[in-house]
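K.L.:
In our numbering, the protein residues as written are 119 to 809.
Shown below is the structure under consideration.
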């Protein structure tokens with residue numbers, strides 16, 4: 119939706135209301151009032167203001183129905199997809215966060231002595247407001263090792279190293295460009311011309327061809343502005359100075375060779391500036407159009423393969439195409455590696471969502487990424503960890519959860535926010551709308567060459583198309599999700615499907631009856647309530663994940679006091695799962711064959727192995743069984759174990775909570791668990807994890 123919003127010059131409150139109405143015209147005024155804490159009078163005033171701006175720019179008005187919902191003319195979407203309204207700073211009221219960014223950006227762009235009057239005049243607020251904002255800007259810039267200093271001779275200026283100033287500068291460009299008419303604000307503040315920006319765009323296109331890569335839409339939008347500011351500072355003789363010796367490793371890379379293209383207008387540029395410009399390419403997200411061996415940094419690539427191996431071992435999941443996953447993950451990790459190594463900051467707006475919605479997958483990723491940390495000799499920031507979670511989660515969904523639909527609407531997703539955000543949005547839409555066959559996710563530039571046959575487009579920005587178009591934001595809260603699902607259902611199938619939360623249903627049942635098998639009851643209720651769904655398991659990303667105690671009830675635990683041959687031990691352990699029709703016998707035979715041919719398992723703790731096969735090799739539901747022996751046995755002569763756990767899962771997410779709890783139990787109660795002699799003693803260890 120951002121592409122539409124940027125076209126209109128509104129204050130923050132009006133912009134939020136405008137955004138909400140454009141996304142969901144069926145929303146009621148009372149809901150908007152509640153969402154933004156507005157009175158009825160304030161909402162009416164805001165709507166008048168929105169319509170005044172629309173009218174002045176030649177756009178049709180937004181009308182309000184008697185029912186409280188809105189009429190958004192189709193022409194409004196169409197016209198605003200192509201045009202930009204000219205900036206008028208007098209009409210736009212900056213909020214505090216924007217003013218602080220502008221103060222910092224003005225200080226970095228200054229070509230003259232800056233007094234308090236300059237800031238008052240440019241930002242159109244009082245002296246006291248500027249002084250208060252200046253204090254907050256000072257607190258922010260100290261995180262970069264930069265101080266704001268004032269003296270009569272020089273006015274306000276930054277004191278700090280040029281490297282730190284450029285780090286701040288690059289971090290400021292992204293949020294400024296996201297503002298309404300951000301590019302025009304940028305040019306007004308810096309005096310950089312449209313011609314200079316377009317020249318940089320052309321040169322970056324040349325670099326794409328030379329390297330056989332494609333920058334993400336987000337990078338291709340921002341990088342021309344970043345390059346223009348670097349060139350501006352070089353022309354102002356604000357030299358980068360001597361860079362750390364580690365930068366010398368860029369010399370000889372293909373990026374180093376082609377980065378000269380960006381420095382064409384700088385006569386006799388220094389090697390230090392050449393290295394710094396190379397770093398901008400190395401830290402930018404892109405994907406290879408045709409990755410060859412010469413494109414791969416083998417140290418970084420090996421760490422990627424090690425992480426994937428670790429993940430397979432710890433998650434009990436086998437990837438179907440590890441080589442393609444390694445190349446896919448490498449394309450994200452290579453720029454991330456340089457960002458972390460050279461202290462480039464990167465926001466991840468998905469961080470909180472990932473840590474709650476994909477908690478168990480995220481916790482698993484934390485345990486397997488130590489090869490990345492070893493290669494950098496420093497920890498991986500949480501922001502970057504979140505991106506890795508989404509990339510691996512997206513690949514898991516691609517291999518294990520994407521269904522083949524014979525019927526149903528086909529859709530593509532168009533997202534301008536980069537590979538990771540696109541992955542997140544693609545996964546989220548699949549979860550919200552399981553009856554739609556989502557084919558692929560495209561950047562805006564790649565969409566122009568899309569040859570797939572589809573019926574619907576879900577896009578973050580307006581696109582001219584004769585297909586059905588739904589505008590969507592990548593990050594929405596639970597309320598907005600429900601409204602969006604209702605909107606799509608209304609338009610596609612003519613009515614709104616009320617989402618039934620199975621956990622809530624079971625909670626109601628528990629008030630009046632004792633549930634003896636929660637998982638089976640949930641499964642049968644789903645089959646009854648949703649008989650037409652192609653995949654019960656795919657209905658929701660937040661589908662119920664059983665805990666360890668649920669997967670290991672007493673009758674799923676065996677204790678053996680006699681020595682067993684390893685094949686019999688595995689069959690005995692799995693027997694209860696076959697008897698209860700949770701798995702087929704072929705699942706057990708696949709495990710045994712796999713051990714004989716490829717020795718795939720390692721001990722997750724001393725003497726403990728988890729045996730499993732693929733999601734499509736005879737699994738009917740997520741399940742687990744355990745065999746604990748009083749002495750170790752040799753597993754095909756390559757490891758010894760006294761605890762065998764058989765695990766099966768119909769998809770790549772349902773078992774992660776229980777697996778995480780198993781790992782935690784073995785970490786925290788390992789001695790107690792190994793000393794347990796009876797089922798009850800084992801169950802005490804398992805149930806401890808639930809307390």
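Quick reminder that beta carbons are idealized off the backbone N, C-alpha and C, glycines included.
Excluding sequence positions up to five away, which residues of its chain have a Cβ less than 7 angstroms from the Cβ of residue 297?
P.N.:
Excluding positions up to five away in sequence, the list reads 216, 303.
K.L.:
Between residue 745 and residue 676, how many whole angstroms is the CB-CB distance? I'm expecting something under 8 angstroms.
P.N.:
5 angstroms between Cβ atoms; contact.
K.L.:
Whose CA, out of 385, 221, 150, lies closest to the CA of residue 186?
P.N.:
Closest by alpha carbon: 150.
K.L.:
Just reading off the beta strand (DSSP E) that residue 747 is part of, what are its end residues?
P.N.:
Element bounds for residue 747: 741 to 753.
K.L.:
Mind listing, in chain order, the continuous beta strand (DSSP E) runs of no fewer than 3 residues lying wholly within the segment 699 to 746?
P.N.:
Counting only runs of 3 or more, we get 721 to 723, 726 to 729.
K.L.:
How is the beta strand (DSSP E) around residue 450 delimited, first residue to last?
P.N.:
Here residue 450 belongs to no beta strand (DSSP E); instead the alpha helix (DSSP H) covers 440 to 459.
K.L.:
I'd like to confirm the pairing. Which residues does DSSP put opposite residue 574 in its beta bridges?
P.N.:
Answer by DSSP bridge pairing, in chain order: 529, 586.
K.L.:
Can you list, in chain order, the residues of its chain with a C-beta nearer than 6 angstroms to that of residue 189? Leave out the 5 residues immediately preceding and following it.
P.N.:
Here the set comprises 181.
K.L.:
What is the rounded straight-line gap between the Cα of residue 653 and the Cα of residue 257?
P.N.:
In this predicted model, residue 653 has a pLDDT of only 40, less than 50, meaning its place in the structure is not dependable; the value taken from the coordinates is given anyway. Cα-Cα distance, rounded: 52 angstroms.
K.L.:
When burial is assigned at 16 or more other CB atoms within 10 Å of the CB, is residue 212 buried or exposed?
P.N.:
By the neighbour-count rule (16 or more Cβ atoms within 10 Å), residue 212 is buried.
K.L.:
Of all the options 487, 490, 505, 694, which has the alpha carbon lying nearest to the alpha carbon of residue 472?
P.N.:
Closest option to residue 472, Cα to Cα, is 505.
K.L.:
To the nearest angstrom, how far is the alpha carbon of residue 622 from that of residue 726?
P.N.:
One C-alpha to the other measures close to 36 angstroms.
K.L.:
Tell me, to the nearest whole angstrom, how far the beta carbon of residue 542 is from that of residue 510; I am working on the premise that it is less than 8 angstroms.
P.N.:
Not quite, the Cβ-Cβ distance comes to about 12 angstroms (not below 8 angstroms), so this is no contact.
K.L.:
Under 6 angstroms Cβ to Cβ from residue 255, same chain only, skipping five residues before and after it: list those, please.
P.N.:
Excluding positions up to five away in sequence, the list reads 218, 221, 222.
K.L.:
Which residues bound the alpha helix (DSSP H) around residue 765?
P.N.:
Per DSSP, residue 765 belongs to no alpha helix (DSSP H); it is in the beta strand (DSSP E), 757 to 766.
K.L.:
So, residue 559 versus residue 540, is the Cβ gap smaller than 7 angstroms?
P.N.:
Closer than 7 angstroms, so yes.
K.L.:
Return yes when the Cβ of residue 738 is within less than 7 angstroms of the Cβ of residue 700, no when it is not.
P.N.:
Closer than 7 angstroms, so yes.
K.L.:
In the DSSP assignment, what residue or residues form a beta bridge with residue 675?
P.N.:
744.
K.L.:
Please report the residue range of the beta strand (DSSP E) in which residue 273 lies.
P.N.:
Counting along the chain, the beta strand (DSSP E) containing residue 273 begins and ends at 273 to 277.
K.L.:
Cutting at 7 angstroms between CB atoms, please list the residues of its own chain near residue 440, excluding the five before and the five after it.
P.N.:
Correct list, in chain order: 426.
K.L.:
Would you mind giving the Cβ-Cβ distance between residue 756 and residue 717, rounded to the nearest angstrom? I have them listed as a contact below 8 angstroms.
P.N.:
Between residue 717 and residue 756 the Cβ distance is about 5 angstroms, and since that is below 8 angstroms, they are a contact.
K.L.:
Verify whether the separation of the beta carbon atoms of residue 775 and residue 394 is less than 7 angstroms.
P.N.:
For residue 775 and residue 394, no; Cβs fall outside 7 angstroms.
K.L.:
For residue 563, which residues of its own chain have a beta-carbon under 8 angstroms away from its beta-carbon, when the five flanking residues on both sides are left out?
P.N.:
332, 335, 338.
K.L.:
Reducing DSSP to helix, strand and coil, say where residue 524 ends up.
P.N.:
Confidence at residue 524 is low in this model, with a pLDDT of 35, below 50, so the placement of that residue should be treated as unreliable; the coordinate-derived value is given next. Residue state, collapsed to three classes: coil.
K.L.:
Got a sec? Which residues, its chain only, sit under 6 angstroms from residue 437 by beta carbon, not counting five neighbours each side?
P.N.:
Once the five neighbours on either side are set aside, the close Cβ partners of residue 437 are 443.
K.L.:
So what's residue 266 in DSSP terms, helix, strand or just coil?
P.N.:
Residue 266 falls in the strand class under three-state DSSP.
K.L.:
Measuring CB to CB, does residue 459 end up less than 7 angstroms from residue 494?
P.N.:
Closer than 7 angstroms, so yes.
K.L.:
Mind checking who residue 188 pairs with in its DSSP beta bridge?
P.N.:
Beta-bridge pairing links residue 188 to 182.
K.L.:
Within a Cβ cutoff of 7 angstroms, which residues of the same chain sit near residue 294, ignoring the five residues on either side of it in sequence?
P.N.:
Contacts found: 219, 223, 300, 303, 304.
K.L.:
Nearest to residue 266 by alpha carbon, out of 246, 245, 234, 240?
P.N.:
Minimum Cα distance to residue 266 is reached at 234.
K.L.:
Since residue 315 and residue 399 should fall inside the 8 angstroms C-beta cutoff, what is the C-beta to C-beta distance between them, to a whole number of angstroms?
P.N.:
That pair is no contact at about 18 angstroms.
K.L.:
Given that a residue counts as buried once 16 or more other Cβ atoms are within 10 Å of its Cβ, and exposed if not, what is residue 631?
P.N.:
So residue 631 ends up on the exposed side.
K.L.:
In terms of DSSP beta bridges, what is residue 630 paired with?
P.N.:
According to DSSP, residue 630 bridges with nothing at all.
K.L.:
Just verifying my parser: in three-state terms, what is the DSSP assignment at residue 558?
P.N.:
In this structure, residue 558 counts as strand in the three-state DSSP scheme.
K.L.:
Pick from 280, 556, 798, 766: whose alpha carbon is nearest that of residue 530?
P.N.:
Checked all of 280, 556, 798, 766; the closest Cα to residue 530 is 556.
K.L.:
Span of the alpha helix (DSSP H) holding residue 691?
P.N.:
It spans 684 to 697 - the alpha helix (DSSP H) in which residue 691 sits, taken as one unbroken run.
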